[in-house]
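Residue numbering for the sequence shown follows our numbering, starting at 14 and increasing by one per position.
What follows is one structure encoded as structure tokens, with my remarks underneath.
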Amino acid sequence: MLETGRFYKKYIFVFTVILLNILFYNYAYSEDAFLIKCMKIAESRDPKLMVAYEQVQLSKSRTIRAARSFFPQFMLQHTNSKGKTATATDISGYEYISESYGLKASQALYEGYRTRGSYEYESMMVTASQYNYTKTREELFSKIKLAYYEYLTTKKESQTLGKAHEIVVDLFNKVKKEYKAKAISELDLLEAENFKDRITDMYEAAKINYEFSIKKLVNLVGIIDIKDVNIEPLDMLSDDVPEISFNLDSLMGLVLTNNLEVQTAKIQAEMAKMKIKINRSKVIPKFYLEGFYGRSGEAFTTQPLTLTTSWNVIGKLSWGLWGNSLEASYTQDKTDPKTIVDASKRIDTQTQDVKLSILDDLGYFVDTKESDVSSNQTNADYMETLKTKRLDTEKAYNDYLNSLNTARTLKKEIILRERKLALMKKRNALYEVQTVSLMEEAWKYAEAIASYAKATYQNYSSVTEMEKLTLTPLR
14 MLETGRFYKK YIFVFTVILL NILFYNYAYS EDAFLIKCMK IAESRDPKLM VAYEQVQLSK
74 SRTIRAARSF FPQFMLQHTN SKGKTATATD ISGYEYISES YGLKASQALY EGYRTRGSYE
134 YESMMVTASQ YNYTKTREEL FSKIKLAYYE YLTTKKESQT LGKAHEIVVD LFNKVKKEYK
194 AKAISELDLL EAENFKDRIT DMYEAAKINY EFSIKKLVNL VGIIDIKDVN IEPLDMLSDD
254 VPEISFNLDS LMGLVLTNNL EVQTAKIQAE MAKMKIKINR SKVIPKFYLE GFYGRSGEAF
314 TTQPLTLTTS WNVIGKLSWG LWGNSLEASY TQDKTDPKTI VDASKRIDTQ TQDVKLSILD
374 DLGYFVDTKE SDVSSNQTNA DYMETLKTKR LDTEKAYNDY LNSLNTARTL KKEIILRERK
434 LALMKKRNAL YEVQTVSLME EAWKYAEAIA SYAKATYQNY SSVTEMEKLT LTPLR
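See the structure below:
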């Protein structure tokens with residue numbers, strides 16, 4: 014009953030993972046058709062995902078093979094032979110022929126935990142391969158989301174910095190005229206040029222990052238050009254960075270129940286325990302039954318060959334005795350005597366056979382030690398994976414909080430800089446504020462925009478990382 018409960022729990026978890034994926038896929042991206050299309054294209058083309066799918070199918074085939082051991086093995090058998098036999102009076106011999114055909118069957122009556130354990134082990138392998146497939150899929154989606162957010166961020170950043178760059182260039186041209194008119198000093202001119210160069214560098218870097226983000230996105234999706242998606246992307250990420258509806262404690266709980274690497278490590282620990290059970294079952298006696306039913310006979314070539322009904326039943330015992338092995342069998346052969354002419358023909362035979370091999374199975378001790386070490390290793394890996402993923406989640410959560418606060422502060426600063434820049438433009442037109450001071454304010458405004466873009470991207474990327482770690486839509 015306990016093993017059955019574990020069996021159902023595994024498949025309930027797999028079903029839950031699939032359901033969460035469906036909800037996550039439809040809910041989290043329902044407002045962005047471009048991102049959905051990118052994911053669908055990538056899912057159908059990614060070679061690693063295809064290999065992971067083939068591994069799932071392979072593990073299912075191995076499970077079917079293991080399940081086959083529960084049922085009898087059947088074999089159709091046909092034998093022909095021809096030779097010579099000698100007698101005491103004629104050593105030249107006489108030619109004879111023999112023939113036999115029928116149905117042979119074998120069935121394991123009891124094998125301890127070996128057959129059942131092998132089946133459950135392969136079933137766990139199916140679960141592990143399904144985890145791996147989902148993990149590979151989620152990692153692909155996570156990379157695409159990050160590349161898409163980077164694309165939107167750098168696109169907005171390059172557009173905004175482009176406008177700021179135009180303003181600063183115009184102001185620098187005005188400063189040069191003021192210098193020629195000797196209204197400002199050479200130091201003011203150099204300072205203005207420095208502001209212009211800084212914004213130019215920021216703008217050029219933003220353009221390079223924007224072009225690279227496009228290449229990164231199309232490579233991950235598996236297309237040549239971003240236009241191949243045939244859907245227009247968003248102009249920018251949400252201007253108001255939203256909060257998530259989960260705290261750190263709830264995220265830690267989700268890591269324990271939903272994280273795919275943690276669940277994979279857990280199932281591997283269970284598989285190691287199963288190997289211990291399978292290995293221990295070697296010291297439990299195994300009973301097998303084999304049988305044959307058909308027709309057989311032999312005759313000299315000078316006589317017609319007449320086949321008669323024959324059958325046999327063999328009971329076998331196999332017992333691993335801690336490095337030694339014991340084999341015993343009992344055979345019952347029976348032949349229908351109605352058509353037998355030769356009096357020397359056996360029609361009923363019982364045979365007992367017992368073999369005890371000494372120290373022929375020393376691999377038992379090696380397998381026992383190996384399975385114990387493997388179990389300890391997988392348990393340690395499980396605990397280490399759980400700790401690592403919890404630390405990763407806490408780091409991503411801290412990055413989310415920091416970037417959220419930074420983005421909100423920078424947004425207020427941008428509004429402040431915009432208002433101050435507009436006021437200074439008016440005062441500059443009235444010659445109340447120097448053009449160099451106006452350029453400095455424009456540079457600070459551009460710097461605030463670039464910082465806000467980075468904070469926004471950091472916020473979205475940290476949430477994406479937490480969603481991958483918890484397999485849950487967070488906002």
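Every residue, glycine too, gets a C-beta built ideally from N, C-alpha and C.
Every value quoted in this text rests on a predicted model; they were computed, and no experiment measured them.
Taking the Cα positions, E191 is about 17 Å away from K439.
Going by C-alpha positions, L330 is about 7 Å away from Y301.
The criterion of a C-beta distance shorter than 8 Å is not satisfied by D412 and L247.
Taking a C-beta distance under 8 Å as the contact criterion, A466 and E283 do not qualify as a contact pair.
DSSP places V254 in the coil class of the three-state scheme, outside both helix and strand.
The three-state reading of DSSP puts A196 in coil, since its state is none of H, G, I, E or B. Here T401 is exposed. Its C-beta has fewer than 16 other C-beta atoms within 10 Å. Between the segment 146 to 153 and the segment 180 to 194, the count of Cβ pairs shorter than 8 Å is below three; the stretches do not touch.
One thing to note: A285 has its Cβ within 8 Å of the Cβ of S388. When only Cα atoms are considered, E163 and S226 end up about 6 Å apart. In the structure shown, L116 falls within a strand segment according to DSSP collapsed to helix, strand and coil. Here E256 has L417 and R488 as same chain residues with Cβ atoms under 8 Å from its own Cβ, once five neighbours each way along the sequence are excluded. The beta carbons of I239 and I54 sit no closer together than 8 Å.
The alpha-carbon separation between V326 and L320 amounts to approximately 20 Å. Counting only residues of its own chain and dropping the five nearest sequence neighbours on each side, K481 has a CB closer than 6 Å to the CB of E151 and S155. Within the same chain, and ignoring the five residues on either side of S474 in sequence, the residues whose Cβ sits closer than 6 Å to its Cβ are L159. Residue environment: I244 is assigned as exposed (fewer than 16 neighbouring CB atoms within 10 Å of its CB, all protein chains considered). The C-beta separation of T92 from S113 comes to about 4 Å, placing the pair in contact by the 8 Å criterion. Going by DSSP, M52 is part of the alpha helix (DSSP H) stretching over A46 to R58.
The Cβ neighbour count for G130, taken over all protein chains shown within 10 Å, is at least 16; the residue is labelled buried. Shown here for S72: same chain residues with a beta carbon closer than 6 Å to its own, the five before and five after excluded, namely M138, V139 and S142 in chain order.
Per DSSP, S82 is not a residue of any beta strand (DSSP E), being assigned neither H nor E. Our two residues, F84 and R403, have alpha carbons roughly 45 Å apart in a direct line. When the beta-carbon positions are compared, T483 and L273 stay at least 8 Å from each other.
The alpha-carbon of T398 is positioned some 25 Å away from that of N472. In this structure, the beta-carbon distance from I77 to E311 does not fall below 8 Å. Here DSSP, grouped into helix, strand and coil, assigns F305 to strand.
In terms of CA proximity to A177, Y216 leads the group Y123, N260 and Y216. Taking 8 Å as the cut-off, the Cβ atoms of S309 and S323 count as close. Around the Cβ of M52, a 10 Å sphere holds 16 or more other Cβ atoms; the residue is buried.
For G266, the uninterrupted alpha helix (DSSP H) segment begins and ends at L261 to N271. M88 sits in a strand when the DSSP states are folded into three classes. Counting C-beta pairs with one atom in each stretch, the segment 435 to 453 and the segment 197 to 217 have three or more that are closer than 8 Å, which means they touch.
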